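With positions in the sequence shown counted from 1, the corresponding number in my numbering is that position plus 20.
All C-beta atoms, glycine included, are put in the ideal place defined by N, C-alpha and C.
Computed from a predicted structure; not experimentally measured.
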Amino acid sequence: MVDIERQLLTIFEHTGALLEGHFQLTSGLHSPRYLQCALVLQYPEHAEFVGRALAARFGDDRVDVVVAPAIGGIIVAHETARAFGVRALFTEREAGVMTLRRGFRLIRGERVLVVEDVVTTGGSTRETIDAVIDADGVVIGAGSLVDRSGGAVDVGVRRQSLLTLDVPAYEPSECPLCKEGVPQIKPGSRGLKN
Ligand SMILES: [Zn+2]
21 MVDIERQLLT IFEHTGALLE GHFQLTSGLH SPRYLQCALV LQYPEHAEFV
71 GRALAARFGD DRVDVVVAPA IGGIIVAHET ARAFGVRALF TEREAGVMTL
121 RRGFRLIRGE RVLVVEDVVT TGGSTRETID AVIDADGVVI GAGSLVDRSG
171 GAVDVGVRRQ SLLTLDVPAY EPSECPLCKE GVPQIKPGSR GLKN
């Protein structure tokens, strides 16, 4: 395991961000493990570490802007953009469609790195990439703090993750925890995601 991964795992453990149970994820899948990145990112020094490490992975890509899906990606984008010395924007859903709001604009052809906290299915990264393309940006890559797909997700651009974990996620109909009758935790309503 590379050094950054080991350091991040230690940070996740120390901040209580790696939870065990029976979780219903935003994607609708069920999982025995849950990563609450907000518990890591609440510490500015950890957030800064994450941003610098992500920026280093895309250091040769001439990034003009970093864009993330709200809410989970905002701090990741902010710290990555700080490391590059560029702008940090975020997308939000408007009538169900991920879009740039609040007066955020891209100049045609600006080179955009899309980041988020956790990649599970890649759905919100893909939606954010689409929003950037709609806004005339050029997506040069996608980064995340955690990839819980074990590296399997393809979003159509070069992807980098600081911590890759192969965490099982099941369709509810195939979930072994459901079959065992383990009580379900639905973290979404408490601001958790992934
Ligand atoms: Zn289940």
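Item	Value
Comparing C-alpha positions only, which one of R128, V22 and L109 sits nearest to G157?	R128
Ligand 1 and P222: does any heavy atom of the ligand fall closer than 8 Å to the residue's C-beta?	Past the edges of the chain, shown from 21 to 214, lies residue 222, and the structure says nothing about it.
How would you call Q56, buried or exposed, if buried means at least 16 neighbouring beta carbons within 10 angstroms?	buried
Going by DSSP, what residues sit across from D167 in a beta bridge?	V139 and T184
With a 10 Å radius around its C-beta and 16 neighbouring C-beta atoms as the bar for buried, classify S181 as buried or exposed.	buried
Could you tell me which of I24, A88 and Q44 sits nearest to H66, measuring between CA atoms?	I24
Pop quiz: V106 and D137 are said to be a contact at Cβ under 8 Å. What is the actual Cβ separation, rounded to whole angstroms?	Rounded, the Cβ-Cβ distance is 19 Å, inconsistent with contact.
In the DSSP assignment, find the alpha helix (DSSP H) that holds T30 and state where it starts and stops.	D23 to H34
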